[in-house]
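Visitor: What follows is a single structure, and I will ask about it in a moment.
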Amino acid sequence: MTDFTQHETQLLTRLQRDLPRVPRPFVEIGDELGLSEAEVLMTTQALLDDGFIRELSGLFDTRGLGYDSVLVAADYLTERLDCAAAIISNHPGISHNYAREGHAFNLWFTLALPPDSRLGLQRTLAILARVTGARRMIPLPALRTFKLTVNLDLGVESVPTVTQAAVQATALPGPEDITLIRLLQEPFPIAPEPYTVLAERAGMSPDACFDGVQQLYERGYLRRLAAVLRHRKVGFTANGMGTWDVPDDRVEEVGKHFAQAKEVSHCYERPRAEGWPYNLFTMVHARTREECFAILTRLATEVGLPIPSALYSTKEYKKARVKYYADALREWEAAHGDW
């Protein structure tokens, strides 16, 4: 693992959380950590340049934007896996695509489609299954979300915890919202006045840009502006997807309990399916598989359930945020609509 300085570790931890919702966020981060604004900017840029931070940009509520999303489990012959994964990763709506071991379903990916998709989830998955030669492919949509926050624990106790109440979107974004959403999907400016830089790109005033971004939060579209780290590069070389068979009348209790564990980044209730008896999913990130197993074992003991089946990622085929309101999806659907 890379030996980070204390300031680097503090920044990597803090930047995974929502940036302060002020015109000069890096000043406020510096105040929290005892650093100058210049130190925050310089160190953040260096961590980006060196590849420890994958990206710093907007994280949006997929459903709040009107998109349909689903986790998909697929079963492939081992010799077909790489080719199938490449075809699937080429779809613009795929954000995550991993080979996992521990079950016959050996490829796991997430797909998101906009409300005006010509094909929809069911038809898109049928096309992908057919062209890739999947032996089986099952959609596992989230029925309930108990936790969705990736904050890798780098062992810093002194970084303030920043939380904001989640907002449920009640309407689809308008044209001005979409302009800002597109803008915030690009790298966030590492600059003293980032909203001035964004405003120049969008052709609006800095005040209008800042106020518009705050409205994205208030309307439930934007979850946070934050950094996503390269897990393996910062030392988290293992991630285990714990799959639990929880009695239906205990799902809420157990899901809420798991959501409190700092090692759990995602916790969802999902439907069971034929050959798939599990209804609760927890994603755990750790430095080794042994640590993942120990965490899952502890969680099982805490709630009085058997140790879950764990699927470990063996290959990352794709990890990229979906580009909302992009032309690439329309082009893909036009090319595959007759399949």
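Quick note: the sequence shown uses this note's numbering, first residue 39, plus one each step. Quick reminder that beta carbons are idealized off the backbone N, C-alpha and C, glycines included.
Identify whether residue 345 lies in helix, strand or coil by the three-state DSSP scheme.
Guide: Coil.
Visitor: Express the C-alpha separation of residue 182 and residue 250 in angstroms, rounding to a whole number.
Guide: When rounded, the distance between both Cα atoms is 29 Å.
Visitor: Going by other Cβ atoms of all chains shown within 10 Å of its Cβ, with 16 needed for buried, is residue 128 buried or exposed?
Guide: Label assigned to residue 128: exposed.
Visitor: Are the beta-carbon atoms of residue 71 and residue 48 separated by less than 8 Å?
Guide: A contact, by the Cβ cut-off of 8 Å.
Visitor: Does the beta-carbon of residue 243 have 16 or more other beta-carbons within 10 angstroms, so that it is buried, or is it exposed?
Guide: That one is exposed.
Visitor: In angstroms, rounded to a whole number, what distance separates the CA positions of residue 254 and residue 215?
Guide: When rounded, the distance between both Cα atoms is 7 Å.
Visitor: Just how far apart, CA to CA, sit residue 316 and residue 247?
Guide: C-alpha separation (whole angstroms): 44 Å.
Visitor: Can you list, in chain order, the residues of its chain whose CB lies under 6 Å from that of residue 203, leaving out five sequence neighbours each side?
Guide: With a pLDDT of 48 at residue 203, under the threshold of 50, the modelled position of this residue cannot be trusted, and the question is left open.
Visitor: Around the Cβ of residue 241, are there at least 16 other Cβ atoms within 10 angstroms (buried) or fewer (exposed)?
Guide: Flag for residue 241 reads exposed.
Visitor: Is it right to say residue 137 is buried, meaning 16 or more other beta carbons lie within 10 angstroms of its own, or is it exposed?
Guide: By the 10 Å Cβ count, residue 137 comes out buried.
Visitor: Flag this pair as touching only if the stretch 112-121 and the stretch 230-241 have three or more C-beta atom pairs under 8 Å; answer yes or no.
Guide: Taking 8 Å as the limit for Cβ pairs, the verdict is that the stretch 230-241 does not touch the stretch 112-121.
Visitor: Select from 271, 143 and 165 the residue whose C-alpha is nearest the C-alpha of residue 89.
Guide: Cα-wise, what sits closest to residue 89 is 271.
Visitor: When you compare each of 209, 340, 231 and 330 to residue 103 by their alpha carbons, which one comes out closest?
Guide: When each option's Cα is compared against that of residue 103, the closest is 209.
Visitor: Give me the Cα-Cα distance between residue 375 and residue 164, rounded to the nearest whole angstrom.
Guide: About 11 Å.
Visitor: Round the Cβ separation of residue 92 and residue 266 to the nearest angstrom and send it over; I've been treating them as touching at under 8 Å.
Guide: About 5 Å separates the two Cβ atoms, so the contact holds.
Visitor: In terms of residue numbering, what span does the alpha helix (DSSP H) encompassing residue 46 cover?
Guide: First-last of the alpha helix (DSSP H) with residue 46: 44-53.
Visitor: Would DSSP call residue 353 helix, strand or coil?
Guide: Looking at residue 353 - three-state DSSP - the assignment turns out to be strand.
Visitor: Would residue 110 pass as a contact of residue 157 if the rule is Cβ separation under 8 Å?
Guide: No, the pair does not count as a contact, with Cβ atoms beyond the cut-off.
Visitor: Name the residue from 298, 279 and 212 whose alpha carbon lies nearest to the alpha carbon of residue 345.
Guide: Of the candidates 298, 279 and 212, the one whose C-alpha sits nearest the C-alpha of residue 345 is 279.
Visitor: Taking 7 Å as the line, does the beta carbon of residue 73 fall inside it for any heavy atom of the ligand ATP?
Guide: In terms of ligand content, the structure shown is empty, and the ligand ATP therefore cannot be addressed.
Visitor: Can you check the stretch 214-288 for any beta strand (DSSP E) of at least 3 residues that lies completely inside it and give the ranges in chain order?
Guide: Fully enclosed beta strand (DSSP E) runs of 3 or longer: 260-267 and 276-282.
Visitor: Indicate the three-state DSSP secondary structure (helix, strand or coil) for residue 130 in the structure shown.
Guide: In this structure, residue 130 counts as coil in the three-state DSSP scheme.
Visitor: I need the DSSP call for residue 367, collapsed to helix, strand or coil.
Guide: Helix at residue 367.
Visitor: Might you give, ordered along the chain, the residues of its own chain that have their beta carbon closer than 8 Å to the beta carbon of residue 277, omitting 5 neighbours on each side?
Guide: Same-chain partners within the cutoff: 269, 321, 322, 323, 324, 330, 350 and 351.
Visitor: Give the single residue among 45, 107, 76 and 46 whose Cα lies nearest to the Cα of residue 359.
Guide: Among 45, 107, 76 and 46, the Cα nearest to that of residue 359 belongs to 107.
Visitor: Count the other CB atoms within 10 Å of the CB of residue 199; is the residue buried (16 or more) or exposed (fewer)?
Guide: Summary for residue 199: the model assigns pLDDT 48, below 50, so the residue's position carries little reliability; its value from the coordinates is reported in the next sentence. When all chains shown are included, residue 199 counts as exposed.
Visitor: Confirm, please, whether the CB-CB distance from residue 125 to residue 51 is below 8 Å.
Guide: Result no, Cβ atoms of residue 51 and residue 125 do not sit closer than 8 Å.
Visitor: Start and end of the alpha helix (DSSP H) containing residue 161?
Guide: Run containing residue 161: 158-170, per the alpha helix (DSSP H) assignment.
Visitor: Residue 64 and residue 230 - do their beta-carbons sit closer together than 8 Å?
Guide: The answer is yes: Cβ separation under 8 Å.
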